Structures are given as C-alpha cells and as structure tokens.
Amino acid sequence: MRVSSLEKIYMLLKMARVARRINKNVSIKKFMQRSLFLRSFFEKEAIVKHDNKYVISTFMPPFPSKAFETMLHAIKKTSEYVKGNTSLPVPISTYISVTNKCMCHCYYCSNALHRAKKELSTEEIINIINQLQDYGVSIIGFTGGEPLLRNDLLEIIAAVDDRSSTLLFTTGIGLTEEMAYSLKNVGLFSVVISLDHYKKEEHNRTKNCSHAFDSAISAIHNAKEAGLYVALNTLPSPEMIRSDEIWKFLEFAAYKGVDEVRILYPIPTGRILGKNLFNEDDINRLKQIHIEGNKRRSLPKISVLAYLESKEFTGCGAGGTRHMYIDASGNLHPCDMIPFSFGNVLEEGLIKCMERMAKAFPRPHPECFTRSYYKELAEFMKKDVASADDYIQFCSSLGSEEMPVFFEKMV
Ligand code: SF4
Numbered sequence: 003m004r005v006s007s008l009e010k011i012y013m014l015l016k017m018a019r020v021a022r023r024i025n026k027n028v029s030i031k032k033f034m035q036r037s038l039f040l041r042s043f044f045e046k047e048a049i050v051k052h053d054n055k056y057v058i059s060t061f062m063p064p065f066p067s068k069a070f071e072t073m074l075h076a077i078k079k080t081s082e083y084v085k086g087n088t089s090l091p092v093p094i095s096t097y098i099s100v101t102n103k104c105m106c107h108c109y110y111c112s113n114a115l116h117r118a119k120k121e122l123s124t125e126e127i128i129n130i131i132n133q134l135q136d137y138g139v140s141i142i143g144f145t146g147g148e149p150l151l152r153n154d155l156l157e158i159i160a161a162v163d164d165r166s167s168t169l170l171f172t173t174g175i176g177l178t179e180e181m182a183y184s185l186k187n188v189g190l191f192s193v194v195i196s197l198d199h200y201k202k203e204e205h206n207r208t209k210n211c212s213h214a215f216d217s218a219i220s221a222i223h224n225a226k227e228a229g230l231y232v233a234l235n236t237l238p239s240p241e242m243i244r245s246d247e248i249w250k251f252l253e254f255a256a257y258k259g260v261d262e263v264r265i266l267y268p269i270p271t272g273r274i275l276g277k278n279l280f281n282e283d284d285i286n287r288l289k290q291i292h293i294e295g296n297k298r299r300s301l302p303k304i305s306v307l308a309y310l311e312s313k314e315f316t317g318c319g320a321g322g323t324r325h326m327y328i329d330a331s332g333n334l335h336p337c338d339m340i341p342f343s344f345g346n347v348l349e350e351g352l353i354k355c356m357e358r359m360a361k362a363f364p365r366p367h368p369e370c371f372t373r374s375y376y377k378e379l380a381e382f383m384k385k386d387v388a389s390a391d392d393y394i395q396f397c398s399s400l401g402s403e404e405m406p407v408f409f410e411k412m413v
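Once you know that position 53 of the sequence shown is 55 in our numbering, the rest is easy, because the numbers rise by one and skip nothing.
Here you go:
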C-alpha cells in the first residue's frame, strides 16, 4: 500500500535522524547539498508500507531495519572510495546465482554466458553469504537459473541474518502456497517474479515456456497470501514502450495486487550479446514511465532501471560501487550483465577478487556499462581471453571521467 505525502515526510525525517547518526561529521554545506538532492529523488518515488516498514524500492532494504543501516554504512564507505581515501567500495547489493538450471529459455537471458560446470554445495553458498555479510552488503539476491529448483533454498535463505535483506528472483514455477509460506518463515523479504506481458501467449513466447504465465500468476497470488513483498521483473519489448501498452501492463499488475514493478530492458549480453534493442528514445521513454508511473496512486510502485541507473541518479553500479554478482560456480562478476569474472570467492576470498575488480572499475560509470559498450563487449568476447589482466585492460580502457549525480552530490 502506498503511503500518503504526509507519512512520506514523517518517514524522511526519521530516516534523516538515522543517517545523521551514521554520518556525524558532515558540514552544513554538504548536508544542504545532500538534502536537496534527496528531496528531488524522493519527489519522484512512491513509498510502499509493508510489514510496518517503508519500502522505497527493492533496490534498497526496507526502513527502518538493520539492513537499511548496513546500506548507509556501505554508501559512506563507497563515498570514501570514490574520493580516493580507501581502496575498495562496498556495494549495496550482490546477487548470487544458486543454479544454472531453468525450465524457461528467455530470448534475453543474461545467464547464458555464465554457465558453470558444477553447482555449489549448501555449505559453499553459506560461506559466500557469510563473506558478503561480514563485508557489509545490505541486499543479497538469489537468482539463477531458477533458484526454486534447489531443494536447499530455504536453508540458504535462512543463513542470511538481519544485517542484510533478501530477494528471490524467480519465474514463479514452483512457488506453491506452501513454499511461499516457508520462504516467509525463513525471513525472505521479497519475491521478484518475472512477468513480461499481461497477455499469456506473449509472456510464454518471451520465456519460451508454455506454462510460464500461469505459473507467474499463481506465484503472485501465493506470495501475497504468505505476506511476502511482491515485485515483478518486467522486460518489455521496445514495441510495448513505443505503443504505450506498458500502461495496460501496469494496470494489470495493480489488479493482481503487486507491490512493485521493476521495469528493466533487454541488456545486450548473454543470449542477445551485441544486439542493442532499445534506442535512446526508448530509454528516455522508460525514464518518463518511472516519473509518471509513481505519480499515479492507482498503480504499484514503479522502479525503472534505466532511470535509477542513469547519470541523473546513481549511474552504473557495476564493479562494487553499488552492485556485483557471483555466478553459480562462485566467480565474482562486476554485474549479472558482464560475462567475465575477477576470481573465485571460495578459492581466493571476496577481498582478493574485489581488489582485482576495482582495478577494472575504479569509479562508477555514468550509464550502463554493458549497454554503453555493447559493441566493444561483443567484439571482446570473440577473443580467446581468459585472464583477469585482459579484463582489467579491457574495462579500464573504456569509460569517462563523468560522475553520476548521486556521487557528485553525496560524496
Ligand atoms: S552494467 Fe551497470 S547499469 Fe548495466 S545492468 Fe549492470 S550494474 Fe546496471
């Protein structure tokens, strides 16, 4: 349920008090600069109340919570990194792929280039979770493949303590009522269900799976019944954005009682490496949908990735300044969309892999790294390269000095 404007102000005041406690020595000038920036950010956001907590979006832990405070510490540490005062950033979120198995075959699958030879054991995944939590990661997302195919998933999620909040990315296949209640009981915050269209045949076509739509719809129902925060991951086609059909989709999501719709877009990686399907006009339309959609109280909360990761806001968080990804073999990647790794977290430890990755991503990119350099990435992936040094050389040869506004104002 969206909160009123008055309650939003109350939440912001409470939040400011917590932020002030964590950032004690901020000058008045900096404080004013940050406040103005955050005011303009929150003006474009709808806030949802769930389980007596405020949810800004699934890209941040709910407030108030220990995980939210973990995030504030991470932002503080990353700000020091961007200023050159520390050697490593602390990302807000890390997604772990717990399996490569999946019943769907999406045309845009980003995991198609991360295929691991073997799957990690329960203990190995819990080891990774412990490393991430000790390092200060505030959101741990479980993805795949289809994570519900693992029969130890509940044990894995239960291993995350309240320093971090948790997300589960799923096609919905296997999210029975019983499973939804069990996920809630082990402390899962949000289930993020993949749904690309309100028309059954269209969704099934994008996922190449004849029962994907029915499974997603029943998963929404079961997750809501169990009291989970229900978000959708939606990858619309360019036509859906150009024809405004996206608004029908958002009304459908509202009718189903969804809390948040995360509107992504097919990023040129994985199965569509080298193919940029969204032009600049489409990206600008997507950004407008974030702003317009969050004004319409009849709709769920809208989180448009193209807006949140634009240079007007946080920019690209790949490489640990906001986000990173660990594949199903335990290899650390800058992001789910970047198909090469900087070492194995189980073999070398998280810090060592991050040190290597920081050489390739010394600062946040102003816009999506994968989309900005999709041609270079496709060419590079044709080469027979295997060493982290090649990846460092490739990544550090790209990019600009321009800083996303978030880092300009907050650092
Ligand atoms: S490359 Fe950057 S902007 Fe693109 S999806 Fe990854 S983190 Fe997001």
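Yeah, the Cβ is synthetic: ideal placement off N, Cα and C, and Gly gets one too.
Everything numeric in this text was worked out from a predicted model, so none of it was measured.
Under 8 Å by Cβ, that's how I've got residue i and residue j pegged, so tell me the actual separation to the nearest angstrom.
| i | j | result |
| --- | --- | --- |
| residue 233 | residue 140 | In fact, because the Cβ distance is near 17 Å, the residues do not count as touching under 8 Å. |
| residue 292 | residue 309 | 4 Å |
| residue 188 | residue 150 | Residue 188 to residue 150, Cβ: 13 Å. No contact. |
| residue 177 | residue 221 | 4 Å |
| residue 146 | residue 102 | 7 Å |
| residue 36 | residue 411 | 6 Å |
| residue 409 | residue 84 | 5 Å |
| residue 191 | residue 168 | 5 Å |
| residue 48 | residue 296 | 4 Å |
| residue 131 | residue 162 | 6 Å |
| residue 362 | residue 327 | 14 Å between Cβ atoms; not a contact. |
| residue 50 | residue 3 | 6 Å |
| residue 218 | residue 248 | Contact doesn't hold; Cβ gap of about 17 Å is too wide. |
| residue 359 | residue 344 | 4 Å |
| residue 368 | residue 406 | 5 Å |
| residue 67 | residue 55 | 6 Å |
Can you have a look at residue i and say buried or exposed, based on whether 16 or more other CB atoms are within 10 angstroms of its CB?
| i | result |
| --- | --- |
| residue 41 | exposed |
| residue 322 | buried |
| residue 319 | buried |
| residue 12 | exposed |
| residue 88 | exposed |
| residue 228 | buried |
| residue 388 | exposed |
| residue 198 | buried |
| residue 395 | exposed |
| residue 135 | buried |
| residue 30 | exposed |
| residue 261 | buried |
| residue 379 | buried |
| residue 1 | Past the boundaries of the shown model lies residue 1; the chain is included only from 3 to 413, so the question cannot be answered. |
| residue 94 | buried |
| residue 107 | exposed |
| residue 206 | buried |
| residue 245 | exposed |
| residue 259 | exposed |
| residue 338 | buried |
| residue 252 | buried |
| residue 311 | buried |
| residue 58 | buried |
Mapping DSSP to helix, strand and coil, what is residue i?
| i | result |
| --- | --- |
| residue 409 | helix |
| residue 390 | helix |
| residue 318 | strand |
| residue 55 | strand |
| residue 231 | strand |
| residue 433 | The requested residue 433 does not occur in the structure, where the chain is confined to residues 3 to 413. |
| residue 165 | coil |
| residue 28 | coil |
| residue 213 | coil |
| residue 400 | coil |
| residue 188 | coil |
| residue 375 | coil |
| residue 4 | strand |
| residue 33 | helix |
| residue 426 | Absent from the structure is residue 426, since the part of the chain shown begins at 3 and ends at 413. |
| residue 342 | coil |
| residue 347 | helix |
| residue 178 | coil |
| residue 195 | strand |
| residue 363 | coil |
| residue 50 | strand |
| residue 60 | coil |
| residue 474 | With the chain represented from 3 up to 413, any question about residue 474 goes unanswered, as that position is not in the structure. |
| residue 237 | coil |
Any beta-carbon of chain B closer than 8 Å to the one on residue i?
| i | result |
| --- | --- |
| residue 379 | The structure shown contains no chain B, having only a single protein chain. |
> Along the chain, which unbroken stretches of the alpha helix (DSSP H) at least 4 residues long are found entirely within the stretch 262-315?
Replying inline: 282-295, 307-310
Practice task
Only counting runs of 4 or more residues, tell me where the alpha helix (DSSP H) segments fall wholly within the stretch 80-163, in order along the chain.
Solution key: 124-137, 155-160
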